[in-house]
Amino acid sequence: MRPSPRWFSQSLNRLAMRPKSTSFIGLGRMGHEMAYNLFSKQLAHSSDSHFVVCDAIPEASRRFYQNFLKQFPEAQISIAATPEEATLASQTVVTMLPSSPQVRSVYNEGIVPTLRNLPEELARNTLCIDSTTLDVEVARTVAQNVIQSGAQMVDAPVSGGVTGAKAGTLAFLVGGTESAFKYAHPFLSFMGQKIIHCGPSGAGLGAKICNNLILGVQQIVVGEAMLLGNKLGLDPAVLASVVGSSTGNCWSVSTNNPVPNSLPGKSPPCERDYEGGFATGLMLKDMGLATNLSSLAGTPLPLGEAAEHIYSQVIQEQPALERKDFSSVYQYLKDMSQQGKKVRVRYEIV
Ligand code: NAD
Numbered sequence: 001m002r003p004s005p006r007w008f009s010q011s012l013n014r015l016a017m018r019p020k021s022t023s024f025i026g027l028g029r030m031g032h033e034m035a036y037n038l039f040s041k042q043l044a045h046s047s048d049s050h051f052v053v054c055d056a057i058p059e060a061s062r063r064f065y066q067n068f069l070k071q072f073p074e075a076q077i078s079i080a081a082t083p084e085e086a087t088l089a090s091q092t093v094v095t096m097l098p099s100s101p102q103v104r105s106v107y108n109e110g111i112v113p114t115l116r117n118l119p120e121e122l123a124r125n126t127l128c129i130d131s132t133t134l135d136v137e138v139a140r141t142v143a144q145n146v147i148q149s150g151a152q153m154v155d156a157p158v159s160g161g162v163t164g165a166k167a168g169t170l171a172f173l174v175g176g177t178e179s180a181f182k183y184a185h186p187f188l189s190f191m192g193q194k195i196i197h198c199g200p201s202g203a204g205l206g207a208k209i210c211n212n213l214i215l216g217v218q219q220i221v222v223g224e225a226m227l228l229g230n231k232l233g234l235d236p237a238v239l240a241s242v243v244g245s246s247t248g249n250c251w252s253v254s255t256n257n258p259v260p261n262s263l264p265g266k267s268p269p270c271e272r273d274y275e276g277g278f279a280t281g282l283m284l285k286d287m288g289l290a291t292n293l294s295s296l297a298g299t300p301l302p303l304g305e306a307a308e309h310i311y312s313q314v315i316q317e318q319p320a321l322e323r324k325d326f327s328s329v330y331q332y333l334k335d336m337s338q339q340g341k342k343v344r345v346r347y348e349i350v
């Protein structure tokens, strides 16, 4: 028998609503857009749905709450002060947090103890979806704790950025059991278009980290090539078009090209002084996740380590670029070149 905490008897009405309620914890740049799509589409399917939002910054919850009620005045939405309250209120709990430390504390100090105190049946019906990009080992440990408390959990990191979150076109890379994946699928489909079951717990994150390792390296070499082309007198639009239709083509060339006027008719972040994309600080975090993972797995990562070092230098030397799109690494390389400095990474076999 599980102990019945005091708040349990005080919250009978709340618990009765639990099956129709969804909580979203972490309403930052991604979470705000994802929660909006999730809630509005759930509402369209079932008008008696309940929603709960929670963020460490109360203003973020209030902003979402007011915005959502303005669009859907009939919606039943409330703000939870803590992850405990959010878990108590809802059978489905989605988290979108910065990284490993926040996921560890929200789950191990908030969600998991609450699940352990719930009656077994309520815990068993609970689904946790974590869309944060974080360390695979931390995600696996947290999922194990959730599963031991009787609930189900998937890691479901995303690809597609804020634009994809807003448009509801994200790709979800999911790790977990087959049954947890099936349970999570309808919720994920309200926020994204591609939902891929990558394998057991942690597999979604593994896939996400490998993808971002490639992306982080590519964005630097595209910056190098565009800068070299510029020095050779090539028009950036001509060079982008040549590479874009040749074997060097990739997303960093044809969608996220770092040079203004290189993609006529498109509007990559470089056209807005590198605002509104994927922050250099987040890319540095993801390169760190990749290098940690490769040390644990014992695979070589010479280019990944070099890229991590370069993003770290960008932020150290030009702190304003930390929140700008990571394609601003081009701007950093250009500045170094204009100052007559060389950027080198040492290669060694040890
Ligand atoms: P963000 O920093 O804008 O949002 C994180 C939110 O979590 C903030 O509102 C913060 O207040 C809240 N938070 C932090 N600690 C908390 C706690 N203990 N309890 C409750 N709330 C807490 O970050 P973001 O850009 O939305 O990114 C979220 C995740 O998505 C990251 O793991 C990131 O790597 C990943 N991601 C981001 C993008 C992107 O383009 N921004 C793209 C793909 C993946």
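Heads up: the sequence shown runs through residues 1 to 350, numbered per full-length UniProt numbering.
Ideal Cβ positions, reconstructed from N, Cα and C, are used throughout, including at glycine.
Your pair residue 315 and residue 280 checks out as a contact, with CB atoms roughly 6 Å apart and the cut at 8 Å. In this structure, residue 138 places its C-beta atom within 8 Å of the C-beta atom of residue 104. Within the same chain, Cβ atoms closer than 7 Å to the Cβ of residue 199 are found at 175, the five residues on either side in sequence being excluded. Ranked by Cα distance from residue 112, the first of 267, 128, 298 is 128.
Between the alpha carbons of residue 346 and residue 14 lies a gap of roughly 59 Å. Taken through DSSP and simplified to helix, strand or coil, residue 130 comes out as strand.
When C-alpha distances from residue 110 are compared across 78, 124, 145, the shortest belongs to 145.
As DSSP reads the structure, residue 78 sits in a beta bridge with 52. Residues 18, 19, 125, 126 of the same chain have their beta carbon placed closer than 6 Å to that of residue 91, with the five preceding and five following residues left out of the count.
Residue 67 is classed as exposed because its beta carbon has fewer than 16 other beta carbons within 10 Å across all chains shown. The segment 185-193 and the segment 33-45 touch, with three or more beta-carbon pairs separated by less than 8 Å. Under the DSSP assignment, residue 336 falls in the alpha helix (DSSP H) whose first and last residues are 329-338. Distance from residue 157 to residue 204 at the Cβ level is roughly 6 Å; contact confirmed, criterion being Cβ atoms closer than 8 Å. Residue 133 has its CB nearer than 7 Å to a heavy atom of the ligand NAD. Checking the DSSP bridge columns, you'll see residue 21 partnered with 50. Two segments are said to touch when three or more pairs of C-beta atoms, one from each, lie closer than 8 Å; by this definition the segment 234-251 does not touch the segment 270-288. Distance between residue 141 and residue 95, taken at the CA atoms: about 16 Å. For residue 291, the uninterrupted alpha helix (DSSP H) segment begins and ends at 280-297. Taking one beta carbon from each stretch, the segment 26-33 and the segment 161-169 have 3 or more pairs nearer than 8 Å; the two touch. Looking only at 63, 182, 259, 245, the smallest Cα-Cα distance to residue 325 is reached by 259.
Residues of the same chain with a CB within less than 8 Å of the CB of residue 249, apart from the 5 flanking positions on each side, are 243 in chain order. In this structure, the alpha-carbon of residue 254 lies about 23 Å from that of residue 335. For residue 195, the three-state secondary structure derived from DSSP is strand.
The segment 208-222 makes contact with the segment 289-303, as at least three CB pairs between them are under 8 Å.
According to DSSP, residue 92 shares a beta bridge with 22, 127. Annotation for residue 29 indicates a beta carbon within 7 Å of some heavy atom of the ligand NAD. For residue 164, the three-state secondary structure derived from DSSP is helix.
The ligand NAD has a heavy atom closer than 7 Å to the beta-carbon of residue 278. Between residue 65 and the set 74, 57, 78, the nearest pair of CA atoms involves 78. Residue pairing by DSSP places residue 171 opposite 159, 194 in a beta bridge. Within a 10 Å sphere around the beta-carbon of residue 320 sit fewer than 16 other beta-carbons, which makes this residue exposed.
Counting the other Cβ atoms within 10 Å of the Cβ of residue 154 gives 16 or more, which makes it buried.
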